[in-house]
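Below, the structure is given as structure tokens:
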């Protein structure tokens, strides 16, 4: 006889079916969720999105030269909510079409990685000569317009240039993705309009080895700088080492006070030539190293003129002294002149650098870093460096004129006077060479190629002239060179007294 199934058995079987059904539904839900999760990034990362390099974060804009959160900016000035202060890229077609729509935009946050190339800031605002055009492929074109050469309205002028219709095309350069960053530029100054800010890498200039300008600027000029450094180094070594080699001569003919000053002048000129050599290759160095090279160039040139002024003052004072039998090898005098030359140079250099970073330009105090956007020494710093040089030239002219008058009134010459007269002639020639070189350096800034090429030639001739004035023209120096380098022992036909007589009786 069959027994009916109990309620407990039927309920347990139904619960198993329910649990199995729930388990299947849970697995299906997890599978769908995993598929949705894996496909979500593919939906958000559109492969056709235009990559735009943005200088600041998405919620920031460039405010007074710094990345600032948009909602912290005073919205009353712009009469809008902070959301509308954010930068929205506007694309322009290759044929001049405005407000071209793209499928999506992907922002790449941060400044461009320029490597060893310089970074340049560009501001695009209404009626500015710099124009920035963003193309739908993510490239940026920088235009420099001539405001005096256009008759069309500004918007139409820009369209003509973008389309390449205008006959007189301005300077333009296209920056690839990664070579620039864009952002909206706002300012707390009500007079400064709203615009677009960009930081771009220095354009790579095409090198043409047959170009005369390129050969003179980048090939011949550096070679001349290298030769000048070598020649000046020879002069400095001769005037510094020669007395220690000439141990058989009691007086230090070269390394007296004038000889030490000549050594100091040549060392300063060597540093200025080396710094100017770095300044030639501006595109191969960052803006920080370029500022350092600029500073070394002007400081060393200023120091050379202060040392030349010390030399002129020493000769002028010695000729006017009643007792001409003075010790020319006095070390304390060299320390006094060193304090004057280096102290005055350090003082004027500090004032010039301070003026450059904090006084030269309206936004100098607003930079987040003292080296930010400082590519070279400005005109205010150059004026502080070169104004003392102009006064030194005038003072040296006074020393030359008064000393020449005193020499012309002298009837008899002693040995010290004869030596000082030779030092005076050497001072006059060095002063003439350095002044002419400094003058052509200033003239080379007038943006005339002829003046720049003349400066290159004059700068190349400066070191050979100094070698001739300080070494080849000085017979006592050439005599010591022959004694130190060419002969193992003094000639047997002359003794120590004859050598001294030859040196003191020679032309200085």
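Residue numbers (mature numbering (1 follows the signal peptide of the UniProt record, and there is no 0)): -33 to -1, 1 to 475.
All C-beta atoms, glycine included, are put in the ideal place defined by N, C-alpha and C.
Bear in mind the structure is a predicted one, so any value in this text is a computation, not a measurement.
| Name the DSSP bridge partner or partners of residue 288? | For residue 288, no pairing in a beta bridge is given by DSSP.
| beta strand (DSSP E) containing residue 344: first to last residue? | Element bounds for residue 344: n/a, residue is neither H nor E.
| query | Based on the DSSP secondary-structure assignment, which residues constitute the bridge partners of residue 82? | reply | Partner(s): none; residue 82 has no beta bridge.
| task | Let me know if residue 165 comes out buried or exposed under the rule of 16 or more other beta-carbons within 10 Å of its beta-carbon. | result | buried
| Taking 7 Å as the cut-off, is the CB of residue 258 close to at least one heavy atom of the ligand HEM? | No copy of the ligand HEM appears in this structure; indeed no ligand is present at all.
| query | Between residue 275 and residue 363, which are expected to be in contact by the criterion C-beta below 8 Å, what is the C-beta distance as a whole number of angstroms? | reply | 7 Å
| request: With a threshold of 16 other CB atoms inside 10 Å of the CB of residue 227, please say whether the residue is buried or exposed. | output: buried
| My guess is that residue 320 and residue 262 are in contact by the Cβ rule of under 8 Å, so how many angstroms apart are they, rounded? | 6 Å
| So, residue 139 versus residue 20, is the Cβ gap smaller than 8 Å? | When the beta-carbon positions are compared, residue 139 and residue 20 stay at least 8 Å from each other.
| request: Output the distance between the C-alpha atoms of residue 94 and residue 365, rounded to the nearest integer angstrom. | output: Near 52 Å, if we compare the C-alpha coordinates of residue 365 and residue 94.
| By Cβ distance, which residues of its chain are closer than 7 Å to residue 266, with the 5 residues on each side in sequence left out? | 312 and 316
| task | Grab me the residues of residue 56's own chain with a C-beta within less than 6 Å of its C-beta, minus the 5 sequence neighbours each way, in chain order. | result | Counting only Cβ-Cβ distances below 6 Å, and skipping sequence neighbours, we find 19 and 101.
| task | Would you list, in sequence order, the uninterrupted beta strand (DSSP E) runs of no fewer than 3 residues that lie entirely inside the region 153 to 201? | result | 162 to 168
| said: Quick check on this structure: which residue in 287, 79, 200 and 73 has the alpha carbon closest to the alpha carbon of residue 146? | reply: It is 79.
| message | What would DSSP say about residue 302, mapped onto helix, strand or coil? | response | helix
| request: Using a threshold of 8 Å, state whether the C-beta atoms of residue 24 and residue 35 are closer than that. | output: no
| said: Taking the beta carbon of residue 371 as the centre, do at least 16 other beta carbons fall within 10 Å, making it buried, or is it exposed? | reply: exposed
| field | Residues near residue 2 by beta carbon distance below 8 Å, same chain, minus five either side | value | In this prediction, residue 2 scores a pLDDT of 40, lower than 50, which makes its location untrustworthy; the coordinate-derived value is nonetheless stated afterwards. None.
| message | Looking only at its chain, what residues have a beta carbon closer than 7 Å to the beta carbon of residue 72, apart from the 5 residues adjacent to it on each side? | response | 16, 17, 19 and 56
| field | Extent of the continuous beta strand (DSSP E) run through residue 139 | value | 138 to 142
| query | How close, in whole Å, do the beta carbons of residue 436 and residue 387 come, if the pair is a contact with beta carbons under 8 Å? | reply | That pair is no contact at about 16 Å.
| Which residues share a DSSP beta bridge with residue 39? | DSSP output for residue 39 lists no bridge partner at all.
| message | Here's a check: name, in chain order, each residue in its chain whose Cβ is nearer than 7 Å to the Cβ of residue 7, leaving out the five neighbours to either side. | response | Because residue 7 carries a pLDDT of 40, less than 50, the predicted location of this residue cannot be relied on, and no value is offered for it.
| What does residue 33 pair with, by DSSP beta-bridge criteria? | 30.
| query | Nearest to residue 287 by CA position, among 373, 244 and 422, is which residue? | reply | 373
| message | So, for residue 429: in the same chain, excluding its five sequence neighbours on each side, which residues have a beta-carbon less than 7 Å away from its beta-carbon? | response | 195, 400 and 404
| Per DSSP, what kind of secondary structure is residue 22 in: helix, strand or coil? | coil
| field | DSSP state of residue 92 mapped onto helix, strand, coil | value | strand
| task | Taking residue 246 as part of the alpha helix (DSSP H), name the residues at either end of that continuous run. | result | 224 to 247
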